[in-house]
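Its first residue numbered 263, the sequence shown is counted upward by one per residue in my numbering.
Where is the CB? At the ideal position from N, CA and C, for every residue including glycine.
Here's the structure, in structure tokens; my notes come after.
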Amino acid sequence: HYLPIFFDGIREIQEPYRFLAVKGVEDMLKAGGSKILPVIPQLIIPIKTALNTRDHTVMCITLQLLQQLVSSADLVGEALVPYYRQVLPIFNLYKNKNKNLGDKIDYGQKNYDCLGELIADTLALFEQRGGDDAFINI
């Protein structure tokens, strides 16, 4: 199983390594299907360490990959529910970190790099795909 190894690499900051890790995770999530579900427990520690770096770009990439992970196969969202206690406290620290532009336009929104929006969208996806117990745990 290479998926945990690639997930461990998403906290890299140097460019060729970061690109390889992110693209490797994305490609494996697209092609993984039912093989993703048994690997979920091994993914929690790399996800938690990537979020604990508290680096803005690493956290944004991790949240985007979490959204892809939950959407990648059936029952993945439900398999993540027992691990919410390890991942969600970091979300709580950054949930209000939005861009306050007033009445200006954010032309960089296509980059999807606002932590507050990413956390809100990720939590909404967790709630949608997590089954009956997801909302209670969030």
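Contact defined as beta carbons within less than 8 Å: I believe residue i pairs with residue j. What is the distance between those atoms, to the nearest angstrom?
| i | j | result |
| --- | --- | --- |
| Ile398 | Ala341 | About 16 Å; that fails the 8 Å criterion. |
| Ile272 | Ile323 | 6 Å |
| Ala382 | Glu389 | That pair is no contact at about 11 Å. |
Could you pull out every residue in the same chain whose Cβ sits closer than 8 Å to the Cβ of residue i, ignoring the five residues on either side in sequence?
| i | result |
| --- | --- |
| Asn358 | Gly378 |
| Asp317 | Arg273, Ile275 |
Might you give, ordered along the chain, the residues of its own chain that have their beta carbon closer than 6 Å to the beta carbon of residue i, omitting 5 neighbours on each side?
| i | result |
| --- | --- |
| Leu387 | Gln329, Val332 |
| Tyr345 | Ile306 |
| Gln304 | Pro266 |
Starting from the C-beta of residue i, find all residues in its chain whose C-beta is less than 7 Å away, skip the five residues before and the five after it, and write them out in chain order.
| i | result |
| --- | --- |
| Gln348 | Ile306, Lys310 |
| Gly286 | Phe268 |
| Tyr299 | With the sequence shown as reference, residue 299 is identified as Leu, and Tyr is not the correct amino acid for it. If we look at Leu299 and ignore the five residues flanking it on each side, its Cβ neighbours are Ala335, Leu337, Val338, Ala341. |
| Ile352 | Leu313, Asn314 |
| Leu325 | Leu380, Ile381, Thr384 |
| Asp270 | Pro308 |
Taking the CB atoms as reference points, tell me whether residue i and residue j lie closer together than 8 Å.
| i | j | result |
| --- | --- | --- |
| Gly295 | Ala335 | yes |
| Met290 | Leu327 | no |
| Glu277 | Ala283 | no |
| Tyr279 | Met321 | no |
Consider the C-beta atom of residue i and the heavy atoms of the ligand FMN; say whether any pair is separated by less than 7 Å.
| i | result |
| --- | --- |
| Ala312 | This structure lacks the ligand FMN; in fact it carries no ligand of any kind. |
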